[in-house]
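*Asks:* Under mature numbering (1 follows the signal peptide of the UniProt record, and there is no 0), residues -21 to -1, 1 to 502 are what the sequence shown spells out, in order.
We put the beta carbon where it would ideally sit given N, CA and C, even for glycine.
On a predicted model such as this, the values are computed, not experimentally measured, just so you know.
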Amino acid sequence: MSRHIVVLIAVVCLLLSSGRALSGCNLDDEDCRESRMHPDLPSVNGRMEYQSKIADEEASDYWLEQGKQFVREKLHTPANTKIAKNVIMFLGDGMGITTHSAARTLLGGEEQSLAFEKFPHTGLSRTYNVNKIVPDSASTATAYLCGIKANSGTIGVSGYVDRSDCLQTRNVSNYVSSIAKWALDAGKSAGVVTTTRITHASPAGVYAHVAERNWENDSEVKSDCGADSNVEDIAYQLIHGEVGSKLSVILGGGRREFVDTTLNANGKRSDGRNLIEEFINQSSRNAYVENLEELNNLNITNVDRLLGLFQDNHMLYHLETDEQSNQPTLAEMTRKSIEFLSRNEQGYFIFIEGGRIDHGHHDTYARLALDETLEFAKAIQLARELTEEADTLIVVTADHSHSFTYSGYANRGNDIFGPAPGKPSDGKPYMTLGYANGPSYDKFYDVEQHQRQDPTTIITGKPRDEFPVTIPLASETHGGDDVAVFASGPWAHLFTGVYDQNTIPHMMAYASCLADGQIACSK
Ligand SMILES: *[C@@H]1O[C@H](CO)[C@@H](O)[C@H](O)[C@H]1NC(C)=O
Ligand SMILES: *[C@@H]1O[C@H](CO)[C@@H](O)[C@H](O)[C@H]1NC(C)=O
Ligand SMILES: *[C@@H]1O[C@H](CO)[C@@H](O)[C@H](O)[C@H]1NC(C)=O
Ligand SMILES: *[C@@H]1O[C@H](CO)[C@@H](O)[C@H](O)[C@H]1NC(C)=O
Ligand SMILES: [Zn+2]
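#1: In chain order, what are the residues with a CB under 7 Å from some non-hydrogen atom of ligand 5?
#2: Thinking Gln290 and Arg234 are a contact (beta carbons under 8 Å), I'd like their distance in whole angstroms, please.
#3: Measure the alpha-carbon distance for Asp239 versus Tyr215 and round it to whole angstroms.
#4: Can you list, in chain order, every residue whose CB sits closer than 5 Å to a heavy atom of ligand 2?
#5: At which residues does the alpha helix (DSSP H) containing Met148 begin and terminate?
#6: Could you spell out where the alpha helix (DSSP H) holding Ile76 opens and where it closes?
#7: Count the other C-beta atoms from every protein chain shown that fall within 10 angstroms of the C-beta of Trp42, then say buried if there are 16 or more, exposed otherwise.
#8: Listed in chain order, which residues are found with a beta carbon closer than 6 Å to a heavy atom of ligand 3?
#9: If you check the beta carbons only, do Gly138 and Ser157 fall under 8 Å apart?
#10: Report the rounded CA-to-CA distance for Ile62 versus Met487, giving the unit in angstroms.
#11: What residues sit near ligand 1, counting only those whose C-beta is closer than 6 Å to one of its heavy atoms, in chain order?
#12: Terminal residues of the continuous alpha helix (DSSP H) containing Val50?
#13: If you reduce the DSSP assignment to three classes, tell me which class Arg234 lands in.
#14: Quick check on Leu271: buried or exposed, where buried means 16 or more other Cβ atoms within 10 Å of its Cβ?
#15: Starting from the N-terminal end, write out each residue whose C-beta falls within a distance shorter than 7 Å of any non-hydrogen atom of ligand 4.
#16: Taking the alpha helix (DSSP H) that Thr177 falls in, what are its first and last residues?
#17: Taking Leu349 and Ala94 to be in contact with their CB atoms under 8 Å, please state how far apart those CB atoms are, rounded to whole angstroms.
#18: Less than 8 Å between the beta carbons of Leu361 and Arg314, yes or no?
#19: How far does the beta strand (DSSP E) with Ala415 in it extend, from its first residue to its last?
#20: Which residues mark the beginning and the end of the beta strand (DSSP E) in which Arg391 is found?
#21: Indicate the three-state DSSP secondary structure (helix, strand or coil) for Ile373 in the structure shown.
#22: Name the one or two DSSP bridge partners that Asp425 has.
#23: The alpha helix (DSSP H) that contains Gly339, what's its start and end?
#24: DSSP state of Ser491, grouped into three classes?
#25: Using the C-alpha atoms, what's the distance from Ala356 back to Tyr267?
#26: Can you tell me whether Glu455 is helix, strand or coil according to DSSP?
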């Protein structure tokens, strides 16, 4: 039988197997061979290309050659010991290993790779913090940006500061600076980009010192610390703080944290300020944009600092946007930022976050979480195309994992959002994807009958499909498993191994000769 026919048969068999959920289709199987005569092939999410790849997989040569090819690639990847002029850190909030593994299937098949999964060097980051086994996004931002572990809920302050401590939050002895400051001190430019509110925990790690991540606006500070605490909220620190006021690019959501509610009905502040206007007034070379059109039309020639706030709250989930949303994608923000920062001959540091992967998971919206993961990967692909591996270190990681599970023995080619084959003892199907805990419990549990509902009757293809959980909790939780780190560019090989999350900025600083620690150019 020619290879061509083998491929064809396998394609047909795999397409048909989606309709025969419980049996895999093996080429040695008579039924399988005959099924190639089936007149109308059901299409499975445009996966033709993917299916024909699986056909190759039956031949041992395919795997032997793939293995050899990988070794060849490794042999031809010399360690890059140049100095990193630029450092780009990409953070997939809540992007545990199950998340990017499952997202591959959404991309086109299990054998696909997201852009960053092709990076030459990888390692594992241990995410526990000073007081919790499983961390939050504030303490982890302090770790991967400032180089120290701290307590949950705190940003840019040491482990001596407890969450919400109104006194110690103002004690500068406890402050730790981020790699953005190290880069600014070295004459580089710095920026921050996110799909969440720009004052949310992860981006705040770039520029804030605060004992409570929820102090995004002054109203929050007032309710926790009183009216005269002199504690600066996160939005205020972004516009007037030591690091915030020097950032060249600031793009994300969260307009509401910047404007007093009496000046704008959507504003959340209560100190009478309009921090956006204050930013604009700081210099005639500051520019402010609030939609995709304005971002695209901006002539950056006469602009030194760019603030873009594209929603009052978080930016919309990519799957829920349309033309009218007029909101840039993470890739579009990435392109503008890199164009903007590249003008500094000394280089730059930029932090770019795919922040809503985490939000999708907390609500058990697996489709949204995985789609946001693909959007994140697109931005990384673009950053790689816009920069040179010779002088730009790109590091991709997550802050923490989730209780997201990816299990059961689904056949190749199955819908990743579909059921796994086989029946649990209650006779009802179960899904490939799920969560150990979360808010969707009641939806999937028939309280009167004391049994599970059939999940396939509830999960019907909506972006906000909730996925099943084992334990009822108002919000699905983070996971404590290690997250992956992917690195490309100068000194990317440092990022191999299993290490504590707070070592990441030390490695980036080494590669880029920042701060006063060990640096590549001191040799
Ligand atoms: C400020 O923080 C330092 C370092 O943690 C500590 O030694 C000092 O007692 C603190 N000062 C006050 C006034 O709490
Ligand atoms: C900001 O302030 C308002 C009160 O004006 C509050 O309701 C809101 O939750 C605050 N925090 C955030 C993160 O928006
Ligand atoms: C910004 O400058 C304009 C023009 O000088 C002024 O009218 C406005 O009050 C200023 N806004 C703020 C928030 O400082
Ligand atoms: C941007 O502005 C500069 C200086 O004002 C001008 O020379 C240039 O032509 C402008 N570029 C575009 C694309 O409009
Ligand atoms: Zn979270």
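*Replies:* Reading off the structure:
#1: Taking each Cβ in turn, the ones that pass are Asp72, Gly73, Asp115, Ser116, Asp337, His341, His457.
#2: Separation of the CB atoms of Gln290 and Arg234 is rounded to 7 Å, and the pair is thereby assigned contact status at 8 Å.
#3: Between Asp239 and Tyr215, the alpha-carbon positions lie close to 12 Å from each other.
#4: Cβ-based neighbours of ligand 2 within the cut-off: Glu195, Asn196, Ser198, Glu199, Lys247.
#5: The displayed chain sequence assigns Thr, not Met, to residue 148. For Thr148, no alpha helix (DSSP H) segment is defined, and its DSSP state is neither H nor E.
#6: In the DSSP annotation of this structure, the continuous segment of the alpha helix (DSSP H) that includes Ile76 starts and ends at 76 to 86.
#7: In the assembly as shown, Trp42 is an exposed residue. Its beta-carbon has fewer than 16 other beta-carbons within 10 Å.
#8: Output, sorted by chain position: Asn253, Glu256, Glu257, Asn260.
#9: At a Cβ-Cβ threshold of 8 Å, Gly138 and Ser157 do not count as neighbours.
#10: Straight-line measurement puts the Cα of Met487 at about 10 Å from the Cα of Ile62.
#11: Result: Tyr139, Asn150, Ser152, Asn153.
#12: The continuous alpha helix (DSSP H) containing Val50 extends over residues 39 to 54.
#13: Note: Arg234 maps to helix in three-state DSSP.
#14: Label assigned to Leu271: buried.
#15: Residues whose Cβ lies closer than 7 Å to any heavy atom of ligand 4, listed in chain order: Asn278, Thr280, Asn281.
#16: For the record, residue 177 in the displayed sequence is Ile; it is not Thr. Unbroken run through Ile177: none, as it is neither H nor E.
#17: 15 Å between Cβ atoms; not a contact.
#18: Yes, they are a contact pair.
#19: Its beta strand (DSSP E) spans residues 412 to 417.
#20: Unbroken run through Arg391: none, as it is neither H nor E.
#21: Note: Ile373 maps to strand in three-state DSSP.
#22: Answer by DSSP bridge pairing, in chain order: Gln430.
#23: Gly339 -> alpha helix (DSSP H) spans 335 to 341.
#24: Correct three-state label for Ser491: helix.
#25: Cα to Cα, the separation comes out at about 27 Å.
#26: If DSSP states are grouped into helix, strand and coil, Glu455 belongs with coil.
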